[in-house]
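I have placed the structure first, in the form of structure tokens, so that the comments after it can refer back to it.
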Amino acid sequence: MIKNMANASNEWRTLVRCQKALEMHLQGWKQA
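Here it is as structure tokens:
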């Protein structure tokens, strides 16, 4: 159970990181 929760939070962190990177990428496109 605890292992599953740690796994889920790890995936969540990865998703958030990807989303932030994507937003920065889109902002760069708008500025260009």
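When the letters of the sequence shown are read in order and numbered with full-length UniProt numbering, they come out as residues 1 to 32.
For glycine and all other residues, C-beta sits at the position ideal for the given N, C-alpha and C.
Remember, it's a predicted structure, so these values are computed and weren't measured experimentally.
Between the alpha carbons of residue i and residue j, how many angstroms are there, rounded?
i: G28; j: N10; result: 27 Å
i: N4; j: L22; result: 27 Å
i: K20; j: A6; result: 21 Å
i: M24; j: I2; result: 33 Å
Output the boundary residues of the alpha helix (DSSP H) element that contains residue i.
i: L24; result: In the sequence as presented, Leu is not what sits at residue 24; that position holds Met. I2 to Q31 is the extent of the alpha helix (DSSP H) around M24.
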